[in-house]
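Notes for the one structure printed next.
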Amino acid sequence: PSTVLHGAWGLLLGRLLDRTRVVFGSTVSGRGGELAGTDSLVGLLINTLPVPMAWQHDTPVGAVMAALQDRQSALLDAQQLGLAELAKLAGLREFFDTMVVVENFPATATDTPDDPRALTFHRFTGTDAPHYPLSFVAYLDEQLGIEIKYDADVVTAAQAARYAERVERILAVFAENPDAPVATVD
Numbered sequence: 002p003s004t005v006l007h008g009a010w011g012l013l014l015g016r017l018l019d020r021t022r023v024v025f026g027s028t029v030s031g032r033g034g035e036l037a038g039t040d041s042l043v044g045l046l047i048n049t050l051p052v053p054m055a056w057q058h059d060t061p062v063g064a065v066m067a068a069l070q071d072r073q074s075a076l077l078d079a080q081q082l083g084l085a086e087l088a089k090l091a092g093l094r095e096f097f098d099t100m101v102v103v104e105n106f107p108a109t110a111t112d113t114p115d116d117p118r119a120l121t122f123h124r125f126t127g128t129d130a131p132h133y134p135l136s137f138v139a140y141l142d143e144q145l146g147i148e149i150k151y152d153a154d155v156v157t158a159a160q161a162a163r164y165a166e167r168v169e170r171i172l173a174v175f176a177e178n179p180d181a182p183v184a185t186v187d
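Numbering (the numbering used here), first residue to last: 2 to 187.
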């Protein structure tokens, strides 16, 4: 699901910018890797990675998603590097100005749902200022929740609503006809 959500955002950016190559940011958990003890630390240890995406107009939507999944798997080796360090290594000042966040909080199952030790999250959200002019946030739960967060000085509420509708259309095409060429997706 995460790859498809990232891919839908990338295809939307490509259409809006009239490009077949885009780069956007994505958050990773920051846990694991070689740093001992991170699994037992309390708190948010996220990192941000650039996600490059490329396709041709005649590429099937499903193939774009498969290629993105391969690309994202290859990027996991770099998830412990800070974004500033990655930019310096690439010789860039900035990689991107939009972000994708897929909130996928785990639930701890217990025999009794009323057990006070049970920890569950249901459509977690917070109030924060966007770090980027435009962000796509998805919440994976029993139902998929989507938010477009934006800087009101750059994006209007009407534009943000249209972006959400267009992402929904891209997701529908992927679900209904993954062999459809990218160029046919409205």
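C-beta: ideal position from N, C-alpha, C; glycine also.
Among Pro61, Leu141 and Phe137, which residue has its Cα nearest to the Cα of glycine 26?
Of the candidates Pro61, Leu141 and Phe137, the one whose C-alpha sits nearest the C-alpha of glycine 26 is Phe137.
Residues of its chain near arginine 163, where Cβ-Cβ distance is below 7 Å and the 5 sequence neighbours each way are ignored:
none
Glutamate 166 in three-state terms, based on DSSP
Residue state for glutamate 166 is assigned as helix, using DSSP reduced to three classes.
Cβ-based burial, arginine 170 [other Cβ within 10 Å; buried from 16]
exposed
For glycine 127, collect the residues of the same chain with a Cβ closer than 8 Å to its Cβ; drop the 5 residues on either side in sequence, then sort them by chain order.
Low local confidence applies: a pLDDT of 49 at glycine 127 is under 50, so the model's placement there is unreliable, with the coordinate-based value given in what follows. Around glycine 127: no qualifying Cβ.
Output the boundary residues of the beta strand (DSSP E) element that contains serine 136.
Run containing serine 136: 135 to 141, per the beta strand (DSSP E) assignment.
Applying the 10 Å Cβ sphere with the 16-neighbour rule, what's the burial state of isoleucine 47?
exposed
For tyrosine 133, which option in Asp142, Ala161, Lys150 and Gly146 has the closest C-alpha, if you only look at C-alpha atoms?
Between tyrosine 133 and the set Asp142, Ala161, Lys150 and Gly146, the nearest pair of CA atoms involves Lys150.
Between alanine 67 and valine 101, what straight-line distance do the alpha-carbon atoms span, to the nearest angstrom?
18 Å
Looking at the unbroken beta strand (DSSP E) that takes in valine 29, where does it start and where does it end?
22 to 29
For threonine 109, which of helix, strand or coil comes out of DSSP?
With a pLDDT of 49 at threonine 109, under the threshold of 50, the modelled position of that residue is not reliable, and the figure given next carries that caveat. Three-state DSSP puts threonine 109 in a strand.
Between valine 156 and leucine 172, what straight-line distance do the alpha-carbon atoms span, to the nearest angstrom?
22 Å
State the start and end residues of the unbroken beta strand (DSSP E) segment that holds threonine 99.
99 to 104
Taking the alpha-carbon of valine 23 as reference, which of Val103, His58 and Phe97 has the nearest alpha-carbon?
Phe97
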